[in-house]
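See below for the structure under consideration.
There are 2 protein chains.
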Amino acid sequence: MATTLTQIKKDFVEGLSQISRFWGFPKGMGAIFAVLYLSPTALSLDEIVERTGLTKGAVSTEVRTLARMGLVHRSTKLGDRKDYYTAETDFYAAVRSILQERQNSEFDRAVRSVKETLTRLEENWVENDEWNFVYERVKALQEFFDAIDSLAKAVIRLESLGLSNVTKILSVLK
Amino acid sequence: MATTLTQIKKDFVEGLSQISRFWGFPKGMGAIFAVLYLSPTALSLDEIVERTGLTKGAVSTEVRTLARMGLVHRSTKLGDRKDYYTAETDFYAAVRSILQERQNSEFDRAVRSVKETLTRLEENWVENDEWNFVYERVKALQEFFDAIDSLAKAVIRLESLGLSNVTKILSVLK
DNA sequence: TTGTATGTTTAGTAATTACTAAACGCAGTA
DNA sequence: TACTGCGTTTAGTAATTACTAAACATACAA
Numbered sequence: 021m022a023t024t025l026t027q028i029k030k031d032f033v034e035g036l037s038q039i040s041r042f043w044g045f046p047k048g049m050g051a052i053f054a055v056l057y058l059s060p061t062a063l064s065l066d067e068i069v070e071r072t073g074l075t076k077g078a079v080s081t082e083v084r085t086l087a088r089m090g091l092v093h094r095s096t097k098l099g100d101r102k103d104y105y106t107a108e109t110d111f112y113a114a115v116r117s118i119l120q121e122r123q124n125s126e127f128d129r130a131v132r133s134v135k136e137t138l139t140r141l142e143e144n145w146v147e148n149d150e151w152n153f154v155y156e157r158v159k160a161l162q163e164f165f166d167a168i169d170s171l172a173k174a175v176i177r178l179e180s181l182g183l184s185n186v187t188k189i190l191s192v193l194k
Numbered sequence: 021m022a023t024t025l026t027q028i029k030k031d032f033v034e035g036l037s038q039i040s041r042f043w044g045f046p047k048g049m050g051a052i053f054a055v056l057y058l059s060p061t062a063l064s065l066d067e068i069v070e071r072t073g074l075t076k077g078a079v080s081t082e083v084r085t086l087a088r089m090g091l092v093h094r095s096t097k098l099g100d101r102k103d104y105y106t107a108e109t110d111f112y113a114a115v116r117s118i119l120q121e122r123q124n125s126e127f128d129r130a131v132r133s134v135k136e137t138l139t140r141l142e143e144n145w146v147e148n149d150e151w152n153f154v155y156e157r158v159k160a161l162q163e164f165f166d167a168i169d170s171l172a173k174a175v176i177r178l179e180s181l182g183l184s185n186v187t188k189i190l191s192v193l194k
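Written out as structure tokens, the structure is:
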């Protein structure tokens, strides 16, 4: 049996679902993105429902978080009450957008908690080996997070994290 | 009530548990790493059990995956049948190690699936707009993954992804 | 106003994942 | 040989997360 384009597309959607899960996102999200990514036209919520097999509720919420991450875009057509969605095709832009998203919310909060440990340590200073040890370790971790943070911020600032920039990085790392 | 060092340490463990979850790892893993990270001496499995409140089984398996990731190291003392664990303190080394870990297993498999879609498309070539469209899109995604892949590989190759390298990257991105 | 086409929220279920408790295996010791 | 001290595995449970089905809200149309 010849492999049809429809079949190939279905497998691709399946593949992206896996990748999605790997990055810690629900697999439905990957499926939604894949369906949009392979569609030459913008799709309505119900069309996404139809093509993914998910329910309207699920698609509604997940497409929203995809939009927040900058991986899909919502648009409307005049004289049509439906919302339409398209996939972002500039992945470098998407990466920046995701980093930005993470920058706020959870990640920052977590990183701040380390920084806070550090200041609490300073406020409760005692002259003994254990204190010194703990302090040095926490400080080292905090500095590491700071480095990550600067990197992320630098990437976010780039107008275009294109292939050229990636090659630049690669050459520097040689 | 004065904040005791013990309390601060406890909160730190809590914080790393959160961070662990954020990166998609079980929170117990973060706790185990944190406990080891704050200990000046290597800890036995039972000591970890005691300090994290997890059970032996959980610690046994999670400490193993931590070791596979290069975030902790297992050692033994002569004339002592226990295993002892210490935290890796060179986080850049740990990043490399984690990347390497991911390189194999899941991630690579997922990325390969995109590449496979591409070759299947080529094998089932048809001259029409839909085919062309799908092909271009899949190809673009595959190229993006390749870029990520080269980056990861470059990082892995570095003998030391120290602060100096991070600053180098930052300067290039300016 | 009521009806219809849309997206959202909610309450509950299914599936997955993290963890526990306890059995097990194995190496060394008596 | 049996016993002890350790790590591992396993079978089951708790907690979390992804998802469904259906009620709901809103805007527009008749």
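Going down the list, the protein sequences come from chains P and V. To convert a position in the first sequence, counted from 1, into this note's numbering, add 20. To convert a position in the second sequence, counted from 1, into this note's numbering, add 20. C-beta atoms are modelled at their ideal positions from N, C-alpha and C, and glycine is treated no differently.
Residue i versus residue j - alpha carbon distance
{"i": "residue 178 of chain V", "j": "residue 91 of chain V", "result": "18 Å"}
{"i": "residue 106 of chain V", "j": "residue 60 of chain P", "result": "53 Å"}
{"i": "residue 164 of chain P", "j": "residue 43 of chain V", "result": "16 Å"}
{"i": "residue 74 of chain P", "j": "residue 130 of chain V", "result": "22 Å"}
{"i": "residue 25 of chain V", "j": "residue 133 of chain V", "result": "50 Å"}
{"i": "residue 116 of chain P", "j": "residue 88 of chain P", "result": "12 Å"}
{"i": "residue 100 of chain P", "j": "residue 114 of chain P", "result": "28 Å"}
{"i": "residue 108 of chain P", "j": "residue 141 of chain V", "result": "22 Å"}
{"i": "residue 51 of chain V", "j": "residue 64 of chain V", "result": "15 Å"}
{"i": "residue 153 of chain V", "j": "residue 147 of chain V", "result": "11 Å"}
{"i": "residue 56 of chain V", "j": "residue 80 of chain V", "result": "14 Å"}
{"i": "residue 34 of chain P", "j": "residue 71 of chain P", "result": "12 Å"}
{"i": "residue 54 of chain V", "j": "residue 30 of chain V", "result": "9 Å"}
{"i": "residue 82 of chain P", "j": "residue 67 of chain P", "result": "14 Å"}
{"i": "residue 161 of chain P", "j": "residue 76 of chain V", "result": "27 Å"}
{"i": "residue 192 of chain V", "j": "residue 186 of chain V", "result": "10 Å"}
{"i": "residue 23 of chain P", "j": "residue 150 of chain V", "result": "15 Å"}
{"i": "residue 102 of chain V", "j": "residue 78 of chain V", "result": "17 Å"}
{"i": "residue 172 of chain P", "j": "residue 98 of chain V", "result": "45 Å"}
{"i": "residue 145 of chain P", "j": "residue 189 of chain V", "result": "36 Å"}
{"i": "residue 58 of chain V", "j": "residue 155 of chain P", "result": "9 Å"}
{"i": "residue 139 of chain P", "j": "residue 128 of chain P", "result": "16 Å"}
{"i": "residue 166 of chain V", "j": "residue 28 of chain P", "result": "21 Å"}
{"i": "residue 184 of chain V", "j": "residue 169 of chain V", "result": "22 Å"}
{"i": "residue 45 of chain P", "j": "residue 69 of chain V", "result": "31 Å"}
{"i": "residue 84 of chain P", "j": "residue 39 of chain P", "result": "19 Å"}
Test: residue i CB closer than 8 Å to a CB of chain P
{"i": "residue 101 of chain V", "result": "no"}
{"i": "residue 85 of chain V", "result": "no"}
{"i": "residue 164 of chain V", "result": "yes"}
{"i": "residue 154 of chain V", "result": "yes"}
{"i": "residue 23 of chain V", "result": "yes"}
{"i": "residue 39 of chain V", "result": "yes"}
{"i": "residue 32 of chain V", "result": "yes"}
{"i": "residue 145 of chain V", "result": "no"}
{"i": "residue 174 of chain V", "result": "yes"}
{"i": "residue 109 of chain V", "result": "yes"}
{"i": "residue 56 of chain V", "result": "no"}
{"i": "residue 178 of chain V", "result": "yes"}
Chain V contact for residue i (CB, 8 Å cutoff)
{"i": "residue 28 of chain P", "result": "yes"}
{"i": "residue 140 of chain P", "result": "yes"}
{"i": "residue 184 of chain P", "result": "no"}
{"i": "residue 189 of chain P", "result": "yes"}
{"i": "residue 116 of chain P", "result": "no"}
{"i": "residue 92 of chain P", "result": "no"}
Close beta carbons around residue i, own chain, < 7 Å, minus the five adjacent residues each side
{"i": "residue 182 of chain P", "result": "112"}
{"i": "residue 62 of chain V", "result": "95, 104, 105 and 106"}
{"i": "residue 137 of chain V", "result": "158"}
{"i": "residue 86 of chain P", "result": "49, 52, 53 and 92"}
{"i": "residue 135 of chain V", "result": "162"}
Partners in chain P for residue i, counting only beta-carbon separations shorter than 7 Å
{"i": "residue 44 of chain V", "result": "44"}
{"i": "residue 150 of chain V", "result": "25"}
{"i": "residue 127 of chain V", "result": "42"}
{"i": "residue 192 of chain V", "result": "188, 189 and 192"}
Own chain partners of residue i with C-beta closer than 6 Å, once the 5 adjacent residues on each side are dropped
{"i": "residue 37 of chain V", "result": "47, 50 and 51"}
{"i": "residue 143 of chain V", "result": "none"}
{"i": "residue 174 of chain V", "result": "none"}
Contact list for residue i against chain V, beta-carbon separation under 7 Å
{"i": "residue 35 of chain P", "result": "130, 133, 134 and 137"}
{"i": "residue 158 of chain P", "result": "32"}
{"i": "residue 167 of chain P", "result": "183 and 186"}
According to DSSP, residues forming a beta bridge with residue i
{"i": "residue 64 of chain P", "result": "P/104"}
{"i": "residue 94 of chain V", "result": "V/105"}
Contact set between residue i and chain P, taken where Cβ atoms lie within less than 8 Å
{"i": "residue 104 of chain V", "result": "Neighbours of residue 104 of chain V on chain P: none; closest Cβ ~17 Å, over 8 Å."}
Proximal residues to residue i (C-beta, below 8 Å), its chain only, five neighbours per side dropped
{"i": "residue 176 of chain P", "result": "116, 119, 120 and 123"}
{"i": "residue 17 of chain V", "result": "With chain V covering 21 to 194 only, the question about residue 17 of chain V has no answer from this structure."}
Contact list for residue i against chain V, beta-carbon separation under 8 Å
{"i": "residue 95 of chain P", "result": "Within 8 Å Cβ-Cβ: nothing; residue 95 of chain P doesn't reach chain V, min ~18 Å."}
{"i": "residue 196 of chain P", "result": "The displayed coordinates of chain P run from 21 to 194. Any statement about residue 196 of chain P would go beyond what the structure contains."}
Residue i: contacting residues in chain V (beta-carbon distance under 9 Å)
{"i": "residue 171 of chain P", "result": "186, 189, 190 and 193"}
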